[in-house]
């Protein structure tokens with residue numbers, strides 16, 4: 004899943020397919036769906052520093068255990084320099100190996116990061132500003148292999164929370180099966196059914212409705 008960065012995780016054709024699916028939802032209802040894909044929900048700098056420190060200490064202890072006692076005094080000035088270098092190398096290694104970094108993350112760290120990032124995206128992109136308070140954010144984060152759905156109060160008050168879990172499961176299943184686009188489109192169709200049920204368009208409202216939010220948000224590639 005992390006083999007590709009967020010900006011090119013979906014091909015141009017897949018991006019267009021997702022946008023079309025979202026547009027169809029908005030033609031049938033007052034709802035607004037915004038799929039967002041990101042590389043990671045947090046930098047997890049504390050986790051990186053903590054893990055690099057523990058790895059450095061473990062390597063230092065192993066070195067001292069292997070080295071004869073008579074030679075350990077020669078490390079008096081070399082040891083701090085070596086530890087600093089090792090710490091920097093381990094930090095760099097963890098940033099370059101997302102799969103390893105993910106293994107070191109705790110469940111609580113990931114959940115807090117995903118919830119915070121979902122709220123940030125929800126507010127930054129104005130998903131709470133829709134006329135019917137029926138905006139739905141679908142956040143996909145590649146590092147954590149996690150999906151978070153955050154719905155505005157208008158639709159959330161009318162939908163059982165289990166429905167949003169099913170939306171998440173549909174995307175996760177698509178990711179596991181190697182067809183993320185199909186999973187996202189299936190999840191969007193699920194959201195469409197909910198929005199059409201609770202916020203259906205009339206003929207008059209459909210004619211007056213405008214697309215208030217982007218149909219897909221993909222980060223720009225790094226320069």
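In the working numbering, the protein residues as written are 4 to 226.
By construction, the Cβ of each residue, glycine as well, lies at the ideal position given by its N, Cα and C atoms.
Being a predicted model, the structure only gives us computed values, none of them experimental.
- Burial check for residue 87: the Cβ neighbour count within 10 Å stays below 16, so the residue is exposed.
- Residue 105 has its alpha-carbon roughly 30 Å from the corresponding atom of residue 68.
- For the pair of segments examined, the stretch 25 to 37 was found not to touch the stretch 54 to 66: the number of CB pairs separated by less than 8 Å stays below three.
- Between residue 203 and residue 20, the C-beta spacing is not below 9 Å.
- Taking the CA atoms as reference points, residue 130 sits about 55 Å from residue 81.
- Annotation: the stretch 79 to 145 contains the following complete segments of the alpha helix (DSSP H) (minimum length 4 residues), in chain order: 81 to 99, 101 to 107 and 110 to 127.
- Counting along the chain, residue 39 sits inside the beta strand (DSSP E) bounded by residues 35 to 41.
- In the three-state reduction of the DSSP assignment, residue 162 falls in the coil class.
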